[in-house]
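See structure below.
Protein chains in written order, with the numbering used here: chain Y, 382 to 737; chain S, 3 to 180.
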């Protein structure tokens with residue numbers, strides 16, 4: 382298939398339409414505004430519904446409603462806007478509805494900056510809303526992967542009746558890269574017989590709800606959710622290892638820093654330094670077991686975690702997985718500054734020197 | 003082979019479009035390409051730039067500190083990026099807008115009167131095609147035919163009348179560095 386040059390944000394929108402997105406509800410915010418812009422023009426052409434909501438809070442609650450009626454619904458925003466959506470996301474998780482939320486991350490905290498950031502890792506993986514819930518978090522590191530993950534995001538959401546987040550950052554959203562519109566294997570999805578879309582001859586009303594007044598019932602509901610999350614953790618964890626077979630220094634990074642690391646690896650290898658990259662693709666579930674096993678390998682001497690975050694957030698998960706087997710150092714910037722290839726090379730060399 | 007190019011100028015000068023054309027043409031020739039824009043408030047009247055990578059290997063970082071070539075469409079761009087250009091690199095200067103000269107002796111400089119040539123071929127809007135021609139001729143990285151085919155596809159249908167103008171501008175740009 383011929384390659385086409387696509388801008389990340391527009392590709393996200395087109396991929397969502399191709400994945401059968403029925404409804405998009407959003408509100409503009411840099412650096413993701415091309416997603417709603419593209420949707421506003423093209424989703425109605427495919428019979429879908431586009432609404433520019435009056436606020437992010439309204440948009441996520443429209444997603445909640447549409448998902449409850451059995452629609453493939455999505456929203457997208459960037460960091461401060463995603464913060465506003467957290468209440469809706471916990472309701473969607475509590476009511477067990479499928480929905481897709483795209484976060485094109487920028488620097489924070491607060492309004493921060495419109496330049497790329499990764500300071501929303503905790504929010505995405507720990508849940509920014511209240512209660513015990515999980516969202517599946519897919520983290521692409523190039524435009525092709527972003528496109529491929531949109532179909533996956535809708536399918537995973539439908540399969541487990543759970544919100545799925547696709548987190549990229551301002552650079553992936555804004556950059557252009559050649560992509561192919563690949564056929565993603567479709568999952569065998571259960572019927573949406575729970576949807577509140579009219580009684581349709583059933584002997585009962587379907588009810589969409591996240592309120593359980595009886596504590597015993599709410600406890601049982603939470604246990605049920607827990608079992609579902611365990612199932613997701615078992616089935617959906619993804620990661621990539623690049624040149625880790627003999628690596629002495631392993632960079633852990635996701636999204637944009639992971640692709641910057643690919644260039645650093647080439648330079649380090651050319652310098653005779655055995656460097657590798659461990660890239661979590663699902664941030665939740667985190668590829669804990671794979672990273673633990675890698676850390677146990679004798680050839681691995683040290684880890685260097687790189688993030689667009691001031692002192693690191695994913696590094697907590699890296700530490701939990703590595704479990705003290707090897708030292709972990711950190712390189713990062715927040716506020717929209719991206720780590721450079723040169724910094725990664727220097728930090729990797731330093732981390733390795735410290736253990737020798 | 004890997005080219006890392008920064009194209010920088012005032013918003014509206016066509017710098018981002020030159021970058022996109024390079025990426026499109028590179029893709030058409032089977033190269034791996036990325037195009038990453040600066041984005042933000044500086045685009046409103048200030049200087050906007052983009053980073054383009056053309057490579058025969060998969061592209062890791064789409065952003066870089068040391069471009070192999072710099073295309074400077076205005077003075078602030080030359081002032082900002084000249085120091086970072088890779089030793090032995092090439093700087094293309096829009097000499098109708100920029101009066102400063104490239105200071106570093108290790109760099110090859112091409113002064114391209116983009117606006118003047120564009121006026122001569124009949125439309126000031128094609129000055130970016132002049133610069134594209136200069137880049138293609140000086141680096142030899144892309145085939146001129148690829149660019150000309152791209153121009154034909156870009157101005158399909160009712161815009162077809164703009165094809166000869168753009169191709170002429172592109173060829174004049176090539177000629178001024180040969």
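Every residue gets a Cβ at the ideal spot worked out from N, C-alpha and C, and that includes glycine.
Identify whether residue 125(S) lies in helix, strand or coil by the three-state DSSP scheme.
Residue state, collapsed to three classes: coil.
Please confirm whether residue 25(S) has its beta-carbon closer than 8 Å to some beta-carbon of chain Y.
Residue 25(S) counts as touching chain Y.
How would you label residue 39(S), buried or exposed, when you count the other beta carbons within 10 angstroms and need 16 or more for buried?
It is buried - the Cβ of residue 39(S) has at least 16 other Cβ atoms within 10 Å.
Check whether the Cβ atoms of residue 491(Y) and residue 498(Y) lie closer than 8 Å to each other.
Not closer than 8 Å, so no.
For a contact meaning CB atoms closer than 9 Å, what does residue 67(S) contact in chain Y?
By Cβ distance, chain Y contributes 721, 722 and 723.
Tell me where the alpha helix (DSSP H) around residue 75(S) begins and ends.
From DSSP, residue 75(S) is part of no alpha helix (DSSP H); its letter is neither H nor E.
Let's see if you can read the secondary structure: which residues bound the alpha helix (DSSP H) around residue 712(Y)?
Careful: residue 712(Y) lies outside any alpha helix (DSSP H), inside the beta strand (DSSP E) at 709–713.
Rounding to the nearest angstrom, what Cα-Cα distance links residue 61(S) and residue 736(Y) in this structure?
Taking the straight line from one Cα to the other gives about 31 Å.
Contact check, residue 656(Y) vs residue 715(Y) under 8 Å by CB: the rounded distance?
Going by Cβ atoms, the distance from residue 656(Y) to residue 715(Y) rounds to 24 Å, so no, they are not a contact pair.
Going along the chain, which residues of the region 35–64 of chain S sit with their C-beta nearer than 7 Å to a C-beta in chain Y?
Those residues of the region 35–64 of chain S that come within reach of chain Y (Cβ to Cβ, closer than 7 Å) are 35, 36, 37, 38, 39, 41, 42, 62, 63 and 64.
Going by CA-CA distance only, name the one from 418(Y), 722(Y), 409(Y) and 495(Y) that's closest to residue 436(Y).
Cα-wise, what sits closest to residue 436(Y) is 409(Y).
Which ranges would you report for the alpha helix (DSSP H) in the region 531–609 of chain Y if only whole runs of at least 4 residues count?
Listed in chain order, they are 551–555.
My guess is that residue 644(Y) and residue 519(Y) are in contact by the Cβ rule of under 8 Å, so how many angstroms apart are they, rounded?
The pair is not a contact, with the Cβ atoms about 23 Å apart (cut-off 8 Å).
Could you check which residue in 434(Y), 422(Y), 690(Y) and 384(Y) has the C-alpha nearest to that of residue 634(Y)?
The shortest C-alpha separation from residue 634(Y) is found at 690(Y).
In terms of residue numbering, what span does the alpha helix (DSSP H) encompassing residue 472(Y) cover?
467–475 is the extent of the alpha helix (DSSP H) around residue 472(Y).
Here's a check: name, in chain order, each residue in its chain whose Cβ is nearer than 6 Å to the Cβ of residue 104(S), leaving out the five neighbours to either side.
The answer, listed in chain order, is 93 and 111.
Going along chain A, which residues have a C-beta under 7 Å from residue 29(S)?
This model lacks chain A altogether, as its protein chains are Y and S.
The region 128–153 of chain S: which residues have C-beta closer than 9 Å to a C-beta of chain Y, in chain order?
Residues passing the 9 Å Cβ filter: none.
Would you list the residues sitting across from residue 413(Y) in a DSSP beta bridge?
Its beta-bridge partners do not exist; DSSP assigns none.
Tell me whether residue 639(Y) is buried or exposed, calling it buried when 16 or more other Cβ atoms sit within 10 Å of its Cβ.
Buried.
Going by DSSP, what residue range makes up the beta strand (DSSP E) through residue 632(Y)?
First-last of the beta strand (DSSP E) with residue 632(Y): 630–633.
What number of angstroms, rounded off, separates the C-alpha of residue 162(S) from the C-alpha of residue 22(S)?
Distance between the alpha carbons of residue 162(S) and residue 22(S): 20 Å.
So residue 644(Y) contacts chain S; which residues on that side make the cut at Cβ distance below 9 Å?
Correct list: 61, 62, 63 and 66.
Residues in its own chain within less than 7 Å of residue 709(Y) by CB, not counting five upstream and five downstream?
For residue 709(Y), where only same-chain residues beyond five positions count, the Cβ hits under 7 Å are 684, 686, 696, 699, 700 and 703.
Rounded to the nearest angstrom, how far is the Cβ of residue 803(Y) from that of residue 534(Y), given a contact under 8 Å?
Past the boundaries of the shown model lies residue 803(Y); chain Y is included only from 382 to 737, so the question cannot be answered.
Write down the C-beta distance between residue 466(Y) and residue 541(Y) rounded to the nearest angstrom, noting that I regard them as a contact closer than 8 Å.
Not confirmed; about 20 Å, so no contact.
When the Cβ atoms of the region 123–140 of chain S are set against those of the region 164–180 of chain S, are three or more pairs found closer than 8 Å?
Yes, the region 123–140 of chain S is in contact with the region 164–180 of chain S.
Would you mind giving the Cβ-Cβ distance between residue 390(Y) and residue 422(Y), rounded to the nearest angstrom? I have them listed as a contact below 8 Å.
Residue 390(Y) to residue 422(Y), Cβ: 13 Å. No contact.
Taking only beta carbons into account, state which residues of the region 626–640 of chain Y come closer than 8 Å to chain S, listed in chain order.
Answer in chain order: 640.
If you follow the alpha helix (DSSP H) that residue 511(Y) is part of, which residue opens it and which one closes it?
Element bounds for residue 511(Y): n/a, residue is neither H nor E.
Verify whether the separation of the beta carbon atoms of residue 536(Y) and residue 568(Y) is less than 8 Å.
Yes, the pair counts as a contact, with Cβ atoms nearer than the cut-off.
Reducing DSSP to helix, strand and coil, say where residue 647(Y) ends up.
Note: residue 647(Y) maps to helix in three-state DSSP.
Suppose you measure from the CA of residue 131(S) to the CA of residue 98(S); what does that come to, to the nearest Å?
So the alpha carbons of these two residues sit roughly 15 Å apart.
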